[in-house]
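Enquirer: Starting off with a structure, shown below.
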Ligand code: COA
Ligand code: AMP
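Numbering (my numbering), first residue to last: 2 to 628.
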């Protein structure tokens with residue numbers, strides 16, 4: 002069947018189409034209902050279990066000896082292969098340890114771990130007993146962890162003692178202790194994985210070591226849950242400082258992710274799949290952990306960086322050594338490799354013959370990077386577009402169905418499940434080739450979010466209210482006459498730094514909390530390596546005696562301390578005034594245009610155009626525009 006036939010079949014009968022796809026999931030009781038009446042929840046009355054579909058079913062089907070996880074950690078010099086049978090035992094034991102301490106159906110468990118296989122075991126163990134996990138990325142600081150603990154209200158936390166970044170060990174445990182101290186909600190207990198690089202001090206009566214927690218416990222069987230039972234909550238950045246808890250229900254998640262492995266990533270069960278991301282992001286949830294395991298693949302988990310661990314050949318070594326068939330990463334990683342090794346000399350000696358395709362997502366894939374990757378790897382490079390909320394690709398090249406011609410710079414076409422439209426401000430559809438807000442006609446497919454955790458109103462205001470009958474993605478772009486989508490920009494204050502989605506609103510809250518800051522703005526400016534970098538502008542309170550240099554250093558340190566190193570906030574300048582409209586709205590776009598060296602379109606409503614000259618001078622002191 003061609004892509005056009007498959008898309009048409011889905012569009013003609015979305016519920017029937019997904020119901021048929023649901024036949025590939027193992028259910029204790031198959032669903033009678035495809036979609037709930039409110040159009041939010043898929044397979045609500047089907048009874049199933051995530052861990053069973055990811056692990057146990059494969060053992061039962063004879064894949065017990067197949068590698069489920071290959072862990073490759075150049076930062077520790079260690080590697081480990083875990084079979085499906087072994088993974089089942091590990092999940093059952095940890096699930097038993099959680100259950101023995103009272104964790105059960107619907108309880109939340111926060112996971113704060115580095116890129117070690119125990120992170121996947123922790124996620125799967127939670128789903129095994131119907132507990133809802135919420136993984137927090139290790140690059141977030143105590144304050145951000147505390148915010149998530151207060152929103153998710155976990156019964157337990159599972160954490161690693163440390164993470165390992167090139168050149169430094171990041172002590173996770175003090176961050177966890179600090180977060181629990183700040184949070185109003187207190188988890189009952191913490192399970193701590195002690196790593197060789199740095200052991201953590203345990204809090205008596207609250208913390209229990211990973212192995213000790215599992216000693217003597219009865220391994221837990223899978224607990225059958227309803228299809229609409231939340232599998233996990235994953236917090237992501239929005240316009241305001243408070244993160245949004247994206248809810249992922251169980252049934253649709255299994256069905257949609259399983260489908261994507263075949264139709265988008267074009268792999269067969271048993272093949273090796275690698276997503277070079279982090280478990281803290283949606284890519285890590287969907288394509289390091291769940292999808293490859295649902296589909297009976299071997300997933301590679303890499304604890305390292307594209308460069309410097311030890312060199313820009315690390316990705317090639319992993320692909321060759323483990324026989325990766327399909328590879329997924331963010332364009333930033335390729336920009337980093339290309340910068341260090343423009344002629345790809347580190348490819349020499351690596352057998353890349355089993356690699357069939359490279360998939361890029363998480364940020365805009367610039368044509369230069371795509372061309373370079375295609376040239377050096379000699380395989381198709383597929384850009385694809387999705388977000389935390391969608392859980393799996395919305396627009397991509399359906400290579401597993403039919404590889405469509407690549408138009409460099411476009412993530413290709415809408416995939417079955419997604420009715421992608423480009424709308425004007427009034428919600429009317431834009432003609433082909435014209436820019437607008439990218440929206441999705443409701444209902445959303447299985448695997449996508451039905452709501453935000455504890456925030457139904459915010460769900461409506463963030464996604465549904467803007468265009469009735471549609472989900473507003475927050476991205477702007479156009480669809481061309483061949484039906485290819487082009488993503489141009491965000492329509493909100495979210496920026497994308499090295500494939501990491503960050504909120505400038507959150508950074509502004511931190512800047513504003515500095516006692517000497519009167520007003521502030523944070524914008525995303527173009528960066529050749531990371532795509533975007535945050536740049537802050539502050540005005541100072543009258544009578545401030547601290548010097549500008551010192552204030553700037555304090556602000557940089559404050560963002561690192563409050564949000565974490567992942568914010569990559571290093572650029573900040575002190576200005577006399579911020580450019581504003583006559584009604585007082587800060588002209589962030591003009592500041593971005595100045596820093597990017599783009600044509601500055603002077604807004605008609607600007608209060609005082611001379612302020613832009615001062616901004617230009619200050620930005621030049623920071624080394625911008627770059628070219
Ligand atoms: N725990 C603690 N700190 C972390 C961390 C983690 N899990 N992940 C990143 N950090 C820190 C980094 O050490 C760095 O700290 P520094 O300011 O002291 O140097 C900071 O957060 C910023 O990290 P990052 O943006 O990753 O920059 P980098 O300079 O370390 O690496 C790249 C640059 C391009 C190599 C890296 O961003 C990369 O591999 N990107 C791939 C994109 C990706 O995987 N995206 C995920 C979504 S698909
Ligand atoms: P996240 O939720 O962290 O996955 O970030 C999702 C956002 O990243 C999207 O809404 C886009 O703004 C951006 N994004 C993801 N994939 C792409 C892509 N292929 N091209 C352009 N932008 C992308």
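All C-beta atoms, glycine included, are put in the ideal place defined by N, C-alpha and C.
Who are the Cβ neighbours of residue 46 in its own chain at under 6 Å, not counting the five residues just before and after it?
Expert: Hits under 6 Å: 32, 33 and 34.
Enquirer: I'd like the list of long-range same chain contacts for residue 266, defined as Cβ closer than 7 Å, with 5 residues on each side in sequence excluded.
Expert: Within the same chain, residue 266 has close Cβ partners 274, 327, 360 and 401.
Enquirer: Under 7 Å between C-beta atoms, does residue 406 make it to chain D?
Expert: Protein chain content of the structure displayed is limited to a single chain, and chain D is not contained in it.
Enquirer: For residue 587, which residues from the same chain have a beta carbon less than 6 Å from its beta carbon, with the 5 sequence-adjacent residues on both sides left out?
Expert: Only 522, 579 and 581 meet the Cβ criterion.
Enquirer: By the DSSP assignment, the beta strand (DSSP E) with residue 72 in it spans what residues?
Expert: Looking at the DSSP string, the run of the beta strand (DSSP E) that includes residue 72 is 68–74.
Enquirer: Relative to the ligand AMP, is the shortest distance from any of its heavy atoms to the C-beta of residue 633 smaller than 6 Å?
Expert: Residue 633 is absent from the structure shown; the chain starts at 2 and stops at 628.
Enquirer: Which ranges does the alpha helix (DSSP H) cover as unbroken runs of at least 4 residues, wholly within the segment 426–506, from first to last along the chain?
Expert: Counting whole runs of 4 or more residues, the segment 426–506 contains the alpha helix (DSSP H) stretches 457–460.
Enquirer: Flag this pair as touching only if the segment 62–72 and the segment 37–54 have three or more C-beta atom pairs under 8 Å; answer yes or no.
Expert: The segment 62–72 is not in contact with the segment 37–54.
Enquirer: Let me check understanding here. Comparing Cα to Cα, which of 71, 454, 594 and 12 lies closest to residue 236?
Expert: That would be 454, whose Cα lies nearest to the Cα of residue 236.
Enquirer: In whole angstroms, give me the CA-to-CA distance for residue 269 and residue 195.
Expert: So the two alpha carbons sit approximately 36 Å from each other.
Enquirer: I want to check one thing, is the minimum distance from the CB of residue 390 to the heavy atoms of the ligand COA below 6 Å?
Expert: It does not: the Cβ of residue 390 is nowhere closer than 6 Å to a heavy atom of the ligand COA.
Enquirer: Answer yes or no: the CB of residue 174 versus the heavy atoms of the ligand COA, is any distance below 6 Å?
Expert: The answer is no for residue 174.
Enquirer: If you check the beta carbons only, do residue 531 and residue 499 fall under 7 Å apart?
Expert: Yes, they are a contact pair.
Enquirer: Just to confirm the assignment, what range does the alpha helix (DSSP H) spanning residue 235 have?
Expert: Unbroken run through residue 235 is the beta strand (DSSP E), 231–237; no alpha helix (DSSP H).
Enquirer: Along the chain, where does the beta strand (DSSP E) containing residue 84 start, and where does it finish?
Expert: From DSSP, the beta strand (DSSP E) with residue 84 extends over 79–84.
Enquirer: Residues in the same chain with beta-carbon distance under 8 Å from residue 456, minus the five sequence neighbours each way, listed in chain order, please.
Expert: Here the set comprises 245 and 246.
Enquirer: Tell me the DSSP secondary structure of residue 133 in three-state form.
Expert: If DSSP states are grouped into helix, strand and coil, residue 133 belongs with the strands.
Enquirer: Buried or exposed for residue 212, please, with buried defined as at least 16 other CB atoms from any protein chain shown within 10 angstroms of its CB.
Expert: Exposed, since its Cβ has fewer than 16 Cβ neighbours within 10 Å.
Enquirer: Roughly how many angstroms lie between the CA atoms of residue 471 and residue 449, to the nearest whole one?
Expert: Rounded to whole angstroms, residue 471 to residue 449 spans 14 Å at the Cα level.
Enquirer: Provide the residue span of the alpha helix (DSSP H) that contains residue 532, from first to last.
Expert: Element bounds for residue 532: not the alpha helix (DSSP H) but the beta strand (DSSP E), 532–541.
Enquirer: Look at residue 147 and residue 123 and say whether their C-beta atoms are less than 7 Å apart.
Expert: No, Cβ-Cβ distance for residue 147 and residue 123 is not below 7 Å.
Enquirer: Just to confirm before moving on: does the CB-CB distance between residue 11 and residue 417 stay below 7 Å?
Expert: It is a contact, given that the beta carbons lie within the stated cut-off.
Enquirer: Round the Cβ separation of residue 193 and residue 208 to the nearest angstrom and send it over; I've been treating them as touching at under 8 Å.
Expert: Correct: roughly 5 Å between the Cβ atoms.
Enquirer: So the candidates are 281, 103, 121 and 53; which of them puts its Cα closest to the Cα of residue 83?
Expert: It is 121 whose Cα lies nearest to the Cα of residue 83.
Enquirer: Using alpha carbons as the reference points, say which of 614, 597, 596 and 591 lies closest to residue 605.
Expert: Residue 591 is the option with its Cα nearest to residue 605.
Enquirer: So, helix, strand or coil for residue 157, using DSSP?
Expert: Residue state, collapsed to three classes: strand.
Enquirer: Report whether the distance from the Cβ of residue 502 to the nearest heavy atom of the ligand AMP is below 6 Å.
Expert: Yes, the beta carbon of residue 502 sits closer than 6 Å to at least one heavy atom of the ligand AMP.
Enquirer: Using a threshold of 6 Å, is the CB atom of residue 399 nearer than that to any non-hydrogen atom of the ligand AMP?
Expert: No, since every heavy atom of the ligand AMP falls outside the 6 Å radius drawn around the Cβ of residue 399.
Enquirer: Which one of 518, 583, 536 and 577 has the shortest CA to CA distance from residue 551?
Expert: Taking only the C-alpha atoms, the option nearest residue 551 is 518.
Enquirer: Applying the criterion that 16 or more other CB atoms from any shown protein chain within 10 Å of the CB defines a buried residue, is residue 427 buried or exposed?
Expert: With fewer than 16 other Cβ atoms within 10 Å, it is exposed.
Enquirer: Check the C-beta distance from residue 143 over to residue 176 and give it rounded, since I have them as a contact under 8 Å.
Expert: Indeed, because the Cβ distance is near 5 Å, the residues count as touching under 8 Å.
Enquirer: Determine whether the beta carbon atoms of residue 619 and residue 545 lie at a separation below 7 Å.
Expert: Cβ distance not < 7 Å, so residue 619 and residue 545 don't count as in contact.
Enquirer: Just reading off the alpha helix (DSSP H) that residue 553 is part of, what are its end residues?
Expert: That run of the alpha helix (DSSP H) goes 549–563.
Enquirer: Of the choices 19, 534 and 356, whose alpha-carbon is the least far from that of residue 324?
Expert: Of the candidates 19, 534 and 356, the one whose C-alpha sits nearest the C-alpha of residue 324 is 356.
Enquirer: When you measure from the CB of residue 28 to every non-hydrogen atom of the ligand AMP, does any distance come out below 6 Å?
Expert: Residue 28 Cβ: outside cutoff for every heavy atom of the ligand AMP.
Enquirer: Is residue 365 close to the ligand AMP? I mean its beta-carbon at under 6 Å from any heavy atom of the ligand.
Expert: Yes - the ligand AMP has a heavy atom lying nearer than 6 Å to the Cβ of residue 365.
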